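**Student:** For the sequence shown, my numbering gives the first residue as 2, with consecutive numbering after it.
Please see the structure below; I have some questions.
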Amino acid sequence: LVVLLKVLFYPLNAKAYASMSKMKAIGPKITDMRERLKDNPQQMQMEMMRIYREEKVNPMGGCFPIMIQIPVFIALYWVLLSSVEMRGAPWIGWIQDLSTKDPYFILPIVMTLTTLLQTALNPLPPDPLQAKLMWFMPLVFSVMFFFFPAGLVLYWITNNLLSIAQQWFINTRMGVPPKFNLPKF
2 LVVLLKVLFY
12 PLNAKAYASM
22 SKMKAIGPKI
32 TDMRERLKDN
42 PQQMQMEMMR
52 IYREEKVNPM
62 GGCFPIMIQI
72 PVFIALYWVL
82 LSSVEMRGAP
92 WIGWIQDLST
102 KDPYFILPIV
112 MTLTTLLQTA
122 LNPLPPDPLQ
132 AKLMWFMPLV
142 FSVMFFFFPA
152 GLVLYWITNN
162 LLSIAQQWFI
172 NTRMGVPPKF
182 NLPKF
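Following this line, the structure appears as structure tokens:
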């Protein structure tokens, strides 16, 4: 199911990752400009918009595919929550029921790690507060996953791993070497 959805959403995700690759490529230019114009916020905004326009980059281009996939995620949540066929269906080892939460929270921890890895591959926003928020949000969402059905968490882990592979492939193809962007706290 995850692979089928990844194939279905590939065109949207490819555009998002291409946009993120462009953002990553112009990151140093934006950082230099922010340092140069830090005392003039209005001029900084105008200069940033000029750079985005010249480089044909949409800073929100990476968000659209996620917004499209949210209804799919919500539908899967409700299907897995009410799925009679999955009740008591063992998966491996400690997971004896894919419709209930992971009793040892192993899958949510793995999901958190894959989400953080995916976040590290994305370009950091120019604003330091936004950069910190980009790292804080996966942790907040991960807390919710500790109580979700194991089947849904397994879906999300698989989705994250495929997204990381897809992002790595697209970045490499666009000539932007994948690099881990960690925030400065």
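Using N, Cα and C, we set each Cβ at its ideal position, and we do this for glycine too.
These numbers come from a predicted model, not from an experiment.
(1) Tell me which residue opens and which closes the alpha helix (DSSP H) that glutamate 48 is part of.
(2) Taking 9 Å as the cut-off, decide whether the C-beta atoms of methionine 21 and asparagine 161 are in contact.
(3) Answer yes if the region 131-151 comes into contact with the region 96-103, meaning at least three C-beta pairs across the two stretches below 8 Å, and no otherwise.
(4) Do you know offhand how far tyrosine 78's Cα is from isoleucine 69's?
(5) Got a sec, what are the start and stop residues for the alpha helix (DSSP H) aspartate 33 sits in?
(6) Relative to the alpha-carbon of valine 8, which residue among Ser84, Gln167, Thr113 and Phe181 has its alpha-carbon at the smallest distance?
(7) Any chance you could list the alpha helix (DSSP H) runs of at least 4 consecutive residues sitting entirely within the region 54-126, in chain order?
(8) What is the rounded straight-line gap between the Cα of methionine 45 and the Cα of lysine 25?
(9) With 16 as the cutoff for other CB atoms within 10 Å, does phenylalanine 146 come out buried or exposed?
(10) Given phenylalanine 106, which residues of its chain have a CB within under 7 Å of its CB, disregarding the five upstream and five downstream residues?
(11) Excluding the five sequence neighbours on either side, which residues of its own chain have a C-beta within less than 8 Å of the C-beta of lysine 57, listed in chain order?
**Tutor:** The answer reads as follows:
(1) Along the sequence shown, one-based indexing puts residue 48 at 47. Glutamate 48 -> alpha helix (DSSP H) spans 42-56.
(2) For the purposes of this step, residue 21 is taken as the residue at position 20 of the sequence shown. For the purposes of this step, residue 161 is taken as the residue at position 160 of the sequence shown. Cβ distance not < 9 Å, so methionine 21 and asparagine 161 don't count as in contact.
(3) yes
(4) Mapped onto the sequence shown, residue 78 falls at position 77. Mapped onto the sequence shown, residue 69 falls at position 68. About 15 Å.
(5) Start at 1 with the first residue of the sequence shown, and residue 33 comes out as number 32. 3-37 is the span of the alpha helix (DSSP H), which, as asked, contains aspartate 33.
(6) Numbered from its first residue, the sequence shown carries residue 8 at position 7. The shortest Cα separation from valine 8 among Ser84, Gln167, Thr113 and Phe181 belongs to Gln167.
(7) 65-83 and 107-122
(8) Here residue 45 refers to the residue found at position 44 of the sequence shown. Here residue 25 refers to the residue found at position 24 of the sequence shown. Straight-line Cα distance between these residues: approximately 19 Å.
(9) Position 145 of the sequence shown, counted from the start, is the residue given in the question as residue 146. Burial call: buried.
(10) Looking up residue 106 in the sequence shown gives position 105. Hits under 7 Å: Phe147.
(11) Translated into the one-based positions of the sequence shown, residue 57 becomes position 56. Closer than 8 Å at Cβ, skipping near neighbours: Lys23.
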